[in-house]
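Numbering (mature numbering (1 follows the signal peptide of the UniProt record, and there is no 0)), first residue to last: -24 to -1, 1 to 222.
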């Protein structure tokens, strides 16, 4: 009889242990996943009204599948942010509201190991609001995955910095072309015209017209005749006064 109770106890113990054992094995299996995440941008300098794209690459270097993974792009969009959301591939699953704008979040139920699959990619296209002030726009991404000991683990990507110019792309292109256009125009103006070294330009000649006339040969002759006549009158007047006095 004692042996029967012993066998029953062992059976009950085995039944109660099996689910816990399976659950423990699953929890330990989660520890064998090693998710990773990186962030890239297709532009380093942007302008108001322009568009560009962020690329999030993620995967799993571990031997086991990572489950219930959540990826967030840490870049406020819309709201008070100079960045506007346009589209993404895949679509955004949910939005996290922040003080400056909304952050897009993507849910990945199962993340296979990269031993058998290539890294996954998320593409997010954004636009810059018109009239945005010049600034450096910093963005990063993070990945949340389950962890047996702490509940979940947070993996951060690199930080991507994009410089936002205050000038529009069209204005910048026009401004950069203006100096060369002016140089070509100036070159065309003086093409085929020899300007002696040290000679004044047309503007200087216009200002010195009166001086040139005074220094011309006719002006000098008239001036000398006037001076001689005045001298003769003065001498005659002086002689007349002298004769009266004598």
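In this text, a Cβ means the ideal position worked out from N, Cα and C, and glycines have one as well.
For residue 84, the uninterrupted beta strand (DSSP E) run begins and ends at 78 to 87, by DSSP. Only residues of its own chain outside the window of five on either side were considered, and among them 101 have a CB closer than 6 Å to the CB of residue 63, listed in chain order.
In the three-state scheme derived from DSSP, where H, G and I count as helix and E and B as strand, residue 115 is classed as strand.
With the rule of 3 Cβ pairs closer than 8 Å, the region 118 to 138 does not count as touching the region 61 to 77. When C-alpha distances from residue 86 are compared across 52, 43, 119 and 142, the shortest belongs to 43. Looking at the backbone, the Cα of residue 20 and that of residue 103 are separated by about 14 Å.
Distances from the alpha-carbon of residue 23 to those of 210, 105, 10 and 123 put 105 closest. Under DSSP, residue 202 shares a beta bridge with no residue. The Cβ-Cβ distance between residue 45 and residue 119 falls below 8 Å. 16 is the residue among 201, 16, 9 and 60 whose C-alpha sits nearest the C-alpha of residue 116. When rounded, the separation of the alpha-carbon atoms in residue 41 and residue 96 is 14 Å. When DSSP states are grouped into helix, strand and coil, residue 212 belongs to the helix group. The three-state secondary structure of residue 62, taken from DSSP, is strand.
Taking the C-beta atoms as reference points, residue 52 is found no nearer than 8 Å to residue 28. Secondary structure at residue 51: coil, using DSSP grouped into helix, strand and coil.
Residue 99: member of the beta strand (DSSP E) spanning 96 to 104, first to last residue. Per DSSP, the beta-bridge partners of residue 43 are 86.
In this model, residue 112 and residue 59 are separated by some 12 Å (Cα to Cα). For the pair residue 25 and residue 49, the Cα-to-Cα distance works out to about 21 Å. Residue 34 and residue 11 do touch by the CB rule: their CB atoms are close to 7 Å apart, below 8 Å. Between residue 67 and the set 47, 54, 56 and 57, the nearest pair of CA atoms involves 47.
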